[in-house]
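Trainee: Count along the sequence shown from 1, then add 382; that gives the number in my numbering.
For glycine and all other residues, C-beta sits at the position ideal for the given N, C-alpha and C.
Note that the coordinates shown come from a computational prediction; the quantities given were computed from them, not determined experimentally.
This is the structure I have questions about; it appears just below.
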Amino acid sequence: MPKPFKRDKPVRKRKWDANDWDTASREGRSKRVDSAPEQTRAPKDYFTDCEANGVVVSPYGVLAFAMCGDEECLCRVDEVLVDGKSSVLAPGDRVFIEHDERGPVVRAARPRSNKLSRPAIGRDREQVFAANVDCAVIVASVVRPAFNPGLIDRYLIAAQAGGVEPIVCINKIDLASEDPEGAAVYREIGLSVLGTSCETRQGLDALRELLSGKCSVLVGHSGVGKSSLVNALDPDLTIHTQEISDSSNKGRHTTSASRLYELAGNIRIIDTPGVKQLGLWGVTPAELNYYFHELAEASAACKFRDCTHTHEPKCGVRDAIESGAIAKARYDSYLRIRTSLTEK
Ligand code: GDP
């Protein structure tokens, strides 16, 4: 029997727990992500339990930059790891590199512990932009470009689907005196939320502390300041950044490929190209509920086990919205993403 929903209490004010998704699954209300339908799963046989002597820094078509010992080298990639015109490798992949008469070759890659991915543009295939990371830093900016909660929600889903712990970093806090509208909810659902400025250097020590000793991936809209953050964390590094175009405030794609950087202070970071929209890989409309933890909790009070929270009577989620226990913005985001998944 579902637990009765207590309307007088906020639904969720506890620490974000990446395992919540598994907990929901174990209760038998949905399938695990890694048992997603066969056709949406990444081909597993590319990866083998090989010995690893290198790490992929940045894939480059059928080649890849990789760290082998202390040196970065441009490697050919064995055809067993190539799909069409590019390899299946991603920054962070642990690989076995061999040297033949023509130079270094990536011969094999180890299975990934986790990943961040999306559907490859124009192809029914997964595009992994970071593998084997300790956390995903979802970077947003207060303004220029405008704070975009819908994109944060999509990255939160992608992080959970790939088994990566997310944190939210709100950059450019020098440009506004308050948190942008819609930011508070991320603290309320238990996520770590940091405010930073590459201009005033506010929040950078906290970010450095959080990332130290880890390999993280920076994701977010183009122009929010991902490359600037990497540069600010290690002044010895100078990644190219670009001015925001004044007319649109949208920013441009300043980073064209994901790339792993080793920074001072034992920080490893994968910088990724900015996106305007993020497609979701391996997420079905029926599962979507469970990626919105506060909705998943409230859904225990739904009359129907397969309630979609869109129109059904006695819906715990819509009751929670009405009582103010769940932020309407997150529910609206759920509805928008659900529609986009249904229309696919
Ligand atoms: P990316 O596309 O996310 O990598 O963004 P960039 O790092 O290229 O930054 C885009 C623009 O925002 C550049 O003009 C940066 O100088 C500017 N920028 C980055 N961080 C900040 C910040 O904290 N404050 C302000 N005012 N501008 C910033």
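#1: By DSSP, does A707 sit in helix, in strand, or in coil?
#2: In chain order, what residues of the same chain have a beta carbon less than 6 Å from the beta carbon of V464, not counting five sequence neighbours either side?
#3: Use the C-beta contact count for K747: other C-beta atoms within 10 angstroms, 16 or more gives buried, fewer gives exposed.
#4: Under 6 Å Cβ to Cβ from Y713, same chain only, skipping five residues before and after it: list those, please.
#5: Pull the bridge partners of R500 from the DSSP assignment, please.
#6: So, at 7 Å on beta carbons, what are the nonlocal neighbours of C697 in its own chain, with the 5 sequence-adjacent residues on each side left out?
#7: Does L662 come out as helix, strand or coil in the three-state DSSP assignment?
#8: Do you know offhand how far L642's Cα is from F529's?
#9: Can you round the beta-carbon distance between V699 and L677 to whole angstroms, since I take them to be within the 8 Å contact cut?
#10: Starting from the N-terminal side, write out each stretch of the beta strand (DSSP E) that is 3 residues or longer and does not extend beyond the segment 544-569.
#11: Per DSSP, I520 is paired with what?
#12: Looking at D460: is its Cβ nearer than 8 Å to the Cβ of V438?
#13: Between the Cα of S598 and the Cα atoms of Y428, A446 and G474, which residue gives the shortest distance?
Mentor: Let me spell this out:
#1: In the sequence shown, residue 707 corresponds to position 325, counting from 1. Three-state result, A707: coil.
#2: Position 82 of the sequence shown holds residue 464. Counting only Cβ-Cβ distances below 6 Å, and skipping sequence neighbours, we find V444.
#3: There is no way to answer for residue 747, as the model of the chain reaches only from 383 to 726.
#4: Taking the sequence shown and counting its residues from 1, the one referred to as residue 713 is at position 331. Cβ within range, chain order: I703.
#5: As a first step, residue 500 must be located in the sequence shown, where it is residue number 118. Bridge partners of R500: Q509.
#6: The count along the sequence shown starts at 1 and reaches residue 697 at position 315. Within the same chain, C697 has close Cβ partners C684, C689 and H691.
#7: Within the sequence shown, residue 662 is the residue found at index 280, counting from 1. Here L662 sits in coil by DSSP.
#8: Counting from 1 along the sequence shown, the entry for residue 642 is found at position 260. Counting from 1 along the sequence shown, the entry for residue 529 is found at position 147. Roughly 26 Å between the two C-alpha positions.
#9: Numbered from its first residue, the sequence shown carries residue 699 at position 317. Numbered from its first residue, the sequence shown carries residue 677 at position 295. So it is a contact: roughly 5 Å between Cβ atoms.
#10: 547-553
#11: As a working mapping, residue 520 is identified with position 138 in the sequence shown. DSSP output for I520 lists V550 and V601 as bridge partner(s).
#12: As a working mapping, residue 460 is identified with position 78 in the sequence shown. As a working mapping, residue 438 is identified with position 56 in the sequence shown. The answer is no: Cβ separation not under 8 Å.
#13: Mapped onto the sequence shown, residue 598 falls at position 216. Checking every option, the nearest Cα to that of S598 belongs to G474.
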